[in-house]
Structures are given as structure tokens and as C-alpha cells.
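Top line first, the protein sequences correspond to chains C and F. For the first sequence, the working numbering assigns the number 1 to the initial residue and increments by one for each residue that follows. For the second sequence, the working numbering assigns the number 1 to the initial residue and increments by one for each residue that follows. We treat Cβ as the ideally placed atom computed from N, Cα and C, and that holds for glycine. Source: prediction; values computed, not measured.
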Amino acid sequence: MLDERHCAAPVASVRDLKVHFQSKRGIVHAVDGVSFDIRDGETLGLVGETGCGKSVTGRSFLRLLPVPPCILAGGSVTFHTHVVCKACAGVGCEACDGTGRQAGWDRSVDLLGISSEDMRRIRGDRIAMIFQDPGKALNPTLPIGAQIAEVFLQHRTEELIALAGLPPDTVGAIRRFASQSPRFGDGWLLSLPGPRRAQRQRVEESLAKMVADALAETQVPNPGKLMARYPHELSGGMRQRVMIAQALACNPDLLIADEPTTALDVTVEARILELIRNLQQRRKTSVLYISHDLSLVRRISDRVAVMYAGRIVEIGTTAEVFANPRHPYTRGLMAAVPGADTPRGKLAAIRGTVPELVDPPAACRFAGRCPHETGTCRSNDPVLEAITPSHSVACFIDHPAQSGERPTYERVTK
Amino acid sequence: MRAAVAPQADDLILSVREVKKHYPIREGALQRVVGHVRAVDGVSFDIRRGETVGLVGESGCGKTTLGRVIAALADPTDGGVHYSMDGEMRRIDRLEGKAAQTFRRNCQMVFQDSFASLNPRHLVIDLVGRPLKVYNEAASADLVERVVELLEQVGLGRQHLFRYPHQFSGGQRQRISIARALALNPEIIVLDEPTSALDVSVQAQILNLLNDLQKERNLAYLFVTHDLSVVRHMADRLVVMYLGKVAEAGETQAIFDSPHHPYTRELMAAKPDLEAEANVEIRGLEGTVPDPARPPQGCRFHTRCELATSACGWEVDDVIRWLEDAPGMFEHLVGVERTTEFAAELAFDNEDAAGLLSMAVRSEQVPETMRAAMRRLNLDGTKVEIEFEEVGEVELTVRDDGRMAACVLAPQEVASWKSP
Ligand SMILES: Nc1ncnc2c1ncn2[C@@H]1O[C@H](COP(=O)(O)OP(=O)(O)OP(=O)(O)O)[C@@H](O)[C@H]1O
Ligand SMILES: Nc1ncnc2c1ncn2[C@@H]1O[C@H](COP(=O)(O)OP(=O)(O)O)[C@@H](O)[C@H]1O
Ligand code: SF4
Ligand code: SF4
Ligand SMILES: [Mg+2]
Ligand SMILES: [Mg+2]
Ligand SMILES: [Zn+2]
């Protein structure tokens with residue numbers, strides 16, 4: 001892709017990702033040849049309408065898709081893990097500017113190819129995900145504290161042991177225990193083999209402190225009290241904060257946020273966005289932010305990718321895409337949002353609906369809804385190409401097909 | 001008497017007067033009523049022929065409940081909705097027989113969730129044709145033609161007659177709901193978040209459609225939404241609700257130009273336009289909407305209002321709320337004995353905690369205006385006596401431009417306030 005020479009190394013590179021689903025009607029091409037980079041420390045926004053493949057793309061990173069019906073039909077998702085700061089073992093210190101990392105990559109893996117065991121190690125530790133519905137992501141039967149403790153027990157066992165001053169050979173026992181019954185605060189450590197009572201208590205105390213610190217990061221009042229409460233006792237905004245605390249507990253390199261504020265009131269949404277933005281900037285976490293809300297994505301992203309019917313149709317810096325949207329779909333989306341001066345009844349609607357993604361033909365996916373389409377668009381499939389070093393678009397208006405006529409814009413006016 | 005409650009006007013269709021809707025909270029094996037959720041707690045406004053009134057507010061503030069009362073799908077606990085019929089305003093819950101039928105025909109409701117509101121086992125022809133059948137408006141061949149006509153009005157057609165709801169997209173299902181609401185040629189439609197579940201491109205289609213239909217039929221809409229850009233686009237007048245009450249009401253344009261209520265201002269600041277500068281300041285609100293079973297005293301918004309003055313209703317609950325989030329004290333609170341909402345004795349299990357609290361409420365740890373509203377603070381061993389100035393409910397007042405707002409501050413003070 002075009003913008004590579006311009007930028008820092010990406011933390012993740014998606015190349016020609018194809019994710020399909022078996023259905024009664026045929027093979028649904030939910031994600032159909034998607035390529036993009038997430039650069040180190042950036043927030044990349046992914047926008048588009050319902051069903052265009054945003055969530056499937058996001059879930060592919062962590063392989064959180066049901067197989068079957070899901071078929072990983074091709075492509076790769078390369079992920080680079082950072083070198084952990086030697087001075088603080090990832091906790092954050094002065095030497096690493098609080099990020100817990102050093103410059104450079106530790107290793108790179110293809111997330112679609114690694115073993116389930118490796119994926120478990122990465123999930124929640126190096127890559128974390130937050131969802132629209134924290135009610136579903138949180139366990140209703142466990143208190144908040146226990147759920148966050150679980151993450152530490154899985155991924156931060158050595159530190160925990162060190163903090164509590166226990167011998168290193170207890171690591172295995174704790175990890176095994178955590179994967180079997182991750183209950184925290186019920187004195188479950190008493191049933192651990194090996195360490196003596198005082199030491200166990202130290203593990204609990206260290207764990208409680210780690211959990212409280214993680215919660216405090218999300219600016220919840222009185223984290224100590226919150227730890228004992230159950231998800232259903234909390235408001236939507238508070239649950240979302242808990243989920244963010246859980247996701248960021250291990251200081252991941254990449255956060256995938258799938259519409260985390262869609263179910264919230266705008267007043268609460270504004271606070272959560274601010275929180276994500278602050279944490280992201282402080283820790284230099286990279287974020288893939290999925291949303292259908294243009295004004296929100298504009299606010300939170302450094303770059304934006306616009307997705308339509310399983311493809312990325314436009315990608316670029318937020319400033320460029322919003323100041324100079326080139327793809328007719330991007331323009332259509334922007335024009336459809338009611339503005340202060342839009343005359344009533346004169347909203348620019350995009351005609352028709354998103355096409356079925358069953359065996360799509362080799363044509364522009366937006367053909368049929370596009371006000372600029374020509375014969376070329378129905379017989380050729382446009383690919384993403386650069387129009388500036390940091391802005392690409394997949395449309396024949398900017399990149400005429402070898403053999404066809406070239407459509408021209410009439411400026412979309414509101 | 002009726003005329004005294006609700007002003008007469010030629011173009012008035014509905015007049016909502018002091019409407020309350022309280023839901024009992026039941027507990028225990030005997031299902032004893034232990035309190036009431038005050039979902040709607042005294043709301044008044046008018047709807048005129050052919051106009052759109054927007055109803056906005058955070059989730060849980062009572063919009064749907066109010067919409068249901070207006071559409072006569074729920075009875076108010078107190079107050080009433082008056083409907084203009086044969087030149088007089090009549091309370092809809094007292095209508096009987098033919099008059100009640102006339103109202104039900106003339107006031108329809110469209111719900112947010114078209115999945116839940118359209119019976120999945122019925123064909124489109126039955127869904128849209130049902131009101132026509134029930135009111136003996138049409139039968140057999142005539143019915144089919146009437147339904148086709150309605151479908152065509154909402155951009156669907158004959159080919160859709162014999163399909164089930166699940167065979168349509170969200171936008172199409174919302175069109176079916178609208179066609180059904182139009183069947184009996186109503187005067188007013190209550191639209192409860194009709195586009196909230198839709199994508200912007202489909203939302204644009206539906207909003208355009210609603211506007212066309214309004215023009216053709218001189219329809220009035222009560223448009224419930226939480227999306228301010230939608231309400232600015234659609235509504236002539238606006239009602240902003242907070243915790244069961246009206247915070248501000250008036251001409252949409254005037255309110256957007258200069259909100260008189262801090263809550264309205266915060267709602268607007270939370271979601272900037274696509275057209276706004278990219279770096280425009282965005283603010284959210286602290287905390288959540290309080291429990292509508294125990295609404296705050298004075299101004300209901302004072303628990304979250306950054307402009308709150310000492311006259312806004314500081315009370316015992318504010319101290320308790322503050323305590324809940326203050327580690328090292330709440331655990332030691334063993335009893336609260338209230339004389340009123342404004343005065344109480346807080347008992348702790350040790351003197352240190354009591355001392356800490358009495359120091360804290362004198363310090364920067366609590367808002368200055370809260371301290372200013374404190375009439376008495378008495379530390380007596382493990383007990384802290386606390387008393388605030390008693391304040392009545394902050395009422396809606398009429399402003400220069402005819403709008404109403406329920407805030408003790410002058411409009412300039414609200415407008416010039418900058419977040420610290
Ligand atoms: N488990 C599944 N089985 C079959 N098809 C699926 C499954 N999950 C997703 N799809 C299909 O994949 C496509 C993309 O779905 P996806 O949920 O990623 O879209 P989205 O853009 O995130 O939509 P939304 O905004 O509604 O979340 C859709 O056509 C959807 O029907
Ligand atoms: N049937 C009911 N029983 C008890 N409480 C209810 C009922 N319906 C609504 N409420 C409560 O009334 C308040 C307002 O609800 P609602 O009108 O649905 O809000 P909105 O539509 O603004 O989201 C909420 O606190 C809600 O929990
Ligand atoms: S390629 Fe053709 S149909 Fe597709 S978006 Fe461009 S002009 Fe429209
Ligand atoms: S009366 Fe006005 S200033 Fe006082 S709390 Fe209410 S909204 Fe804020
Ligand atoms: Mg999704
Ligand atoms: Mg509602
Ligand atoms: Zn470090």
C-alpha cells in the first residue's frame with residue numbers, strides 16, 4: 001500500500017483478508033479482500049453501515065468467529081509484539097515513559113496461523129477487545145474484581161508471584177488454578193498447594209492492588225467498593241468502564257474497540273471516548289476503533305477506513321477523508337447526516353440497500369446505488385489506489401479502468 | 001373547566017397537562033408497594049396541527065412512557081392529555097364509545113423496534129390492513145387496493161404484500177410500521193425513536209418520507225429521539241426532558257442558538273456536528289441519571305450540574321452519594337436518621353470516621369455551593385448532624401422569547417459558562 005513509506009512501522013498488517021460464512025443461500029463474502037495497516041500508536045477508525053463487515057474484520061484479529069459457519073478463506077493478519085521494557089517488566093516506568101515498552105519489535109506472528117495456545121496467550125494480553133454490549137462480555141455470576149483478577153492470573157502470574165514474594169515454582173499452580181476456577185476474594189488461594197498462609201494472603205493483596213489500580217485508571221470512583229459488585233448492579237457507562245479496565249489491564253499493544261459506546265447516551269459516550277483517548281495517548285496503545293458513527297470516528301481517529309460490502313473503499317488520514325471524501329459511498333454517508341442548514345425533506349439519502357454478499361460479481365460493490373456509475377463499474381472491480389501519499393480510494397472516478405469510460409463527479413451538493 | 005386547564009386554539013390538537021405516570025415498585029412475597037418510579041412527573045406542552053414537536057433526553061428520563069400516555073396506551077397517574085374534538089378539548093382517558101374510537105384512529109404510534117412491534121407470523125397485507133378491517137374501513141378486494149396504496153406511499157409496493165416482516169431490512173420494516181400507522185388517516189403520530197436502529201443512509205430516507213407525508217396530510221408528529229442532529233432537522237419545537245420533568249421547551253432554533261438550561265447545553269456539547277470544527281470541545285456529563293424513585297430535591301439536575309448554585313437543592317442524599325465514593329468512610333456509616341430530605345443525623349461506628357466526614361464537608365472535597373447551602377454541621381462523638389437550607393422545586397419559568405426553562409440561572413450565565 002501507498003502510505004507505507006511515510007509512516008512508522010505498523011503494529012498490525014492485514015493483507016487480502018477474506019472471511020466467508022456458509023449460509024443456506026450460498027457463501028456470504030462478509031470480508032472479501034481487505035488490506036490495511038494499523039500503525040504503531042495510532043487510532044484507526046473503521047466506519048460503514050450495518051452488515052458491511054466491520055465486526056468480522058475486528059474479530060478476525062482474535063479469531064473470535066464461529067467455525068463453522070465461518071470460513072477463513074484467505075489472507076493474513078500480521079501482528080508485531082513490542083519489546084517489553086526491561087526496567088519495569090511492562091508495568092511502566094520513567095525509562096519507558098510509562099508505556100512499559102522499548103523501541104522495536106519482539107516478534108511477529110500471523111494471527112490466523114498460530115496455535116490456539118499461542119492465541120490464548122496473546123488475547124487479553126497483547127491484543128484486547130471491547131464490545132458494544134459489556135453485559136454480554138462480562139460474566140454475570142462473578143464480581144467485577146474477580147473478572148479483572150482473572151486477566152492478571154492468566155497473563156501476569158510471574159509479577160504477581162514476585163510482588164507477593166513467593167517462590168517462582170508456584171507459578172504453575174496459580175496458573176492452573178486460575179484456568180480452572182478463577183474466583184477471587186473468596187479465599188480460594190487457601191486451597192492452593194504449597195505456599196503458606198501468609199504468602200497466600202500476600203498474593204491476594206497484590207492481586208487486589210493490581211485490580212484496584214486497573215479500575216482506577218478508568219476514573220471510577222472508589223474502585224475498592226466497585227470490585228465487590230456484580231455487573232448487573234452497574235449502569236451501562238460503568239460496565240463499559242469495567243470492560244475497558246479489563247481490556248487495558250495488561251497494557252496491550254493493540255485494542256480493538258467494536259462500537260463500545262453505541263448503546264450509551266451521548267453524555268456518557270463523550271466521557272468514555274475521552275477516557276479511551278487519554279489512556280491510548282498515555283500508553284501509546286494502538287487502537288482499531290469500529291463504529292457506524294461518522295462524527296464520532298472523526299473525533300477519535302488519526303486515520304479512517306471506510307468499509308462497504310466486505311471491502312475497504314477509502315482509507316486515509318482523518319483530515320483528508322473528511323475534508324475531501326472521494327468515494328461516492330463516503331460522500332453519500334456524509335451527506336446523509338442532517339446538518340444545521342439541510343432543508344427538511346431534502347436529506348441526501350443513498351438509494352437502495354446494501355447488496356447481498358452471496359457470490360458477489362466482479363463489479364464495483366457500490367454499483368446500483370452509486371449516482372456516478374457507468375458501464376465500467378458493472379464489469380470491472382475497482383481496487384484501492386493512492387490519490388495522495390496518505391489517501392487511497394477504490395473507485396473508477398479517480399482510477400479509470402484500462403478499458404472503460406471514466407465516470408465524473410458532479411459535486412454532491414446538499 | 002376544560003378550557004381553563006387547556007387553552008383553546010384552532011390549530012391545537014393535543015394538550016398535555018401536568019401528566020404524571022408513576023409505576024409501583026413491589027417487594028417481598030406479598031408484593032407490597034415500597035415506592036414509586038416517577039417515570040413522568042408533571043409534564044405539560046401542546047401539539048398543534050401539522051407541526052413536529054421533538055422530545056429529547058437521556059435514556060430512562062421518561063420519553064417512551066410519556067409517548068405511551070399520549071397515545072392512550074397507558075393511563076396517566078395524574079394530570080391528563082386533552083384532545084381537540086368538535087371544537088373543545090377533552091381528556092382522552094375520559095372518552096367513551098365513539099369518541100374514544102375517534103381518538104384512537106387519530107393518534108397512532110410507531111415504535112423504535114420494528115422487530116418487536118410487527119407480529120412475525122403476519123403477512124404485510126394483514127399487518128397494514130388490520131386497522132382498516134378493525135374499523136370496517138375496507139374489506140376484500142378494496143382492502144388489497146388500500147394496502148397497496150399505503151405501501152406505495154412509503155416507497156414499497158404490491159410485490160411486498162405477501163411477505164413476512166423478517167424478509168425485510170430494518171428500514172423497510174420501519175416503512176411498514178409507518179404505513180400501518182397511516183392506514184386510518186390519523187392527525188398525529190407519536191414516533192418513538194423511529195430511526196435509532198437504522199443506518200444514516202436509511203435514516204435519511206425515512207426522515208424524508210416522514211416529512212413528505214406530513215406535508216401531504218398536515219400530520220402532527222411527536223418525535224422522540226436522543227439524536228440532536230435529527231431533532232434539529234425535524235422538529236419545529238422542542239421539549240427537553242430530564243428525570244421525568246421538562247428542563248426546557250421552546251422553538252427548536254432558539255434552543256439550539258442559545259440553550260437556557262445547562263442540561264440542554266451539555267446534551268449539545270456531548271455530540272458535535274459533522275460540520276463542526278474537528279477540534280471543537282466535547283464534554284460529557286459526570287455520573288448517571290439518578291434513581292427516578294428518589295428524584296433529587298430542588299433542581300433534579302443539581303447532582304450533575306457543574307453550574308449548580310447554593311439554591312439548587314443540596315440535600316442529605318448528596319452527602320450520602322459523596323460518601324459512597326469516598327473510601328474509608330462509607331464502610332463505617334451505620335445509620336442515617338432523616339428529619340427531612342434536608343436534615344439528618346449520620347451515625348458512624350467510630351469517632352474518626354465521623355470526624356473525617358465533618359472535616360470533608362467543610363473542605364474543597366465537596367462543591368463550594370454545597371458548603372454554602374449548609375445551615376448546620378455538628379460533630380458529636382460518632383454522630384454528625386447536618387442540615388441544608390430547604391429549597392422548593394425549581395419550576396419552569398417563561399422567558400423573553402416565550403420559551404420555558406427550569407433553571408435558577410439567567411440565560412447569559414448559562415451561555416457564558418466555561419468548563420474549568
Ligand atoms: N455467524 C454468522 N453467520 C452467518 N453470517 C454472518 C455471521 N456473522 C456475520 N455474518 C454476516 O457477515 C456480514 C458482516 O457482518 P458484521 O456483523 O461484521 O457487520 P457490521 O458491519 O459489523 O454490522 P453491524 O453494524 O450490524 O454490527 C453480514 O452480512 C452478516 O450477515
Ligand atoms: N412498566 C414499567 N414498570 C416499572 N418501571 C418502568 C416501566 N416502564 C418504564 N419504567 C421506568 O420509567 C423510567 C422511564 O422509562 P422510559 O419512558 O422507558 O424512558 P426512555 O424512553 O426515555 O428511555 C425508567 O426509569 C424506567 O425504568
Ligand atoms: S466505481 Fe463506479 S459504481 Fe463504484 S463507486 Fe466509483 S463511480 Fe460508483
Ligand atoms: S437550577 Fe440550573 S444551575 Fe441549578 S442545578 Fe439546576 S440546571 Fe444547574
Ligand atoms: Mg458490528
Ligand atoms: Mg425509550
Ligand atoms: Zn519501563
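- Chain order is used for the residues whose beta-carbon lies nearer than 5 Å to a heavy atom of ligand 4, namely F:P262, F:C299, F:F301, F:H302, F:C305, F:L307, F:A308, F:C312, F:V394, F:C407, F:V408, F:L409.
- For I178 of chain F, there are no neighbours in chain C by C-beta distance under 7 Å, as the nearest C-beta there is about 15 Å away.
- Look at P338 of chain C: its C-beta is under 7 Å from a C-beta on chain F.
- For the segment 290 to 314 of chain F, there are no residues whose beta carbon sits under 7 Å from a beta carbon of chain C.
- Contacts with chain F at 7 Å (Cβ-Cβ) include S235 of chain C.
- Measuring C-alpha to C-alpha distances from S295 of chain C to each of C:A270, C:G98, C:R311, C:S286 identifies C:A270 as the nearest.
- In terms of CA proximity to E187 of chain F, F:N218 leads the group F:T195, F:G170, F:N218.
- Classified as exposed, A362 of chain C has fewer than 16 neighbouring CB atoms from the shown chains inside 10 Å of its CB.
- In the DSSP annotation of this structure, the continuous segment of the alpha helix (DSSP H) that includes I255 of chain F starts and ends at 252 to 257.
- Around Q246 of chain C, the same chain offers Q147, I148, V151 as residues with beta carbons nearer than 7 Å, after the five sequence neighbours per side are excluded.
- Proximity of the beta carbon of T267 of chain C to ligand 6 is not indicated: no heavy atom of the ligand is located closer than 6 Å.
- For L182 of chain F, the uninterrupted alpha helix (DSSP H) segment begins and ends at 170 to 182.
- For P338 of chain C against R232 of chain F, the beta-carbon gap comes to about 7 Å, under 8 Å, which counts as contact.
- Note that the C-beta distance between V40 of chain F and G62 of chain F is below 7 Å.
- Contact of T288 of chain F with chain C by beta-carbon distance below 7 Å involves S235, G237.
- Restricting attention to F:S416, F:L307, F:L118, F:Y242, the CA atom closest to the CA of R175 of chain F is found in F:L118.
- Counting only runs of 4 or more residues that sit fully inside the segment 252 to 327 of chain C, the alpha helix (DSSP H) segments are 266 to 283, 294 to 300, 318 to 323, in chain order.
- Sequence-distant Cβ neighbours of V289 of chain F in its own chain, meaning closer than 7 Å and more than five residues away, are E58, G60, C61, L243.
- Going by beta carbons, C299 of chain F and G313 of chain F fall inside the 7 Å limit.
- A Cβ-Cβ contact shorter than 7 Å links E49 of chain C with D199 of chain F.
- DSSP places Y263 of chain F in the uninterrupted alpha helix (DSSP H) bounded by 262 to 270.
- For I397 of chain C, not one C-beta of chain F is nearer than 7 Å to its own C-beta.
- For the 7 Å CB-CB criterion, H166 of chain F and A405 of chain F do not form a contact.
- The criterion of a C-beta distance shorter than 7 Å is satisfied by V239 of chain F and L55 of chain F.
- In the structure shown, D381 of chain C adopts coil according to DSSP, grouped into three states.
- Counting only runs of 4+ residues, the alpha helix (DSSP H) found wholly inside the segment 36 to 91 of chain F occupies 63 to 70, in chain order.
- Counting only heavy atoms of ligand 3, the residues whose C-beta sits closer than 7 Å to one of them are, along the chain, C:H327, C:P328, C:Y329, C:C364, C:F366, C:A367, C:C370, C:H372, C:E373, C:T374, C:T376, C:C377, C:P382, C:C395, C:F396, C:I397, C:P407.
- DSSP places F103 of chain F in the uninterrupted alpha helix (DSSP H) bounded by 97 to 106.
- Not one heavy atom of ligand 6 lies closer than 6 Å to the C-beta of T262 of chain C.
- Here P24 of chain F is not near V16 of chain F, since their CB atoms are 7 Å or more apart.
- When secondary structure is reduced to three states using DSSP, K245 of chain F falls in the strand class.
- In the DSSP assignment, N185 of chain F forms no beta bridge with any residue.
- W314 of chain F carries a coil assignment under DSSP once its states are collapsed to helix, strand and coil.
- For the segment 229 to 243 of chain F, the set of positions with a beta-carbon nearer than 8 Å to some beta-carbon of chain C reads S229, V230, R232, H233, M234 in chain order.
- Any Cβ of chain F closer than 7 Å to the Cβ of L294 of chain C would place that residue at the interface, and such an atom is present.
- Ranked by how close their Cα comes to the Cα of D192 of chain F, the residues F:R130, F:L161, F:V224 have F:V224 in first place.
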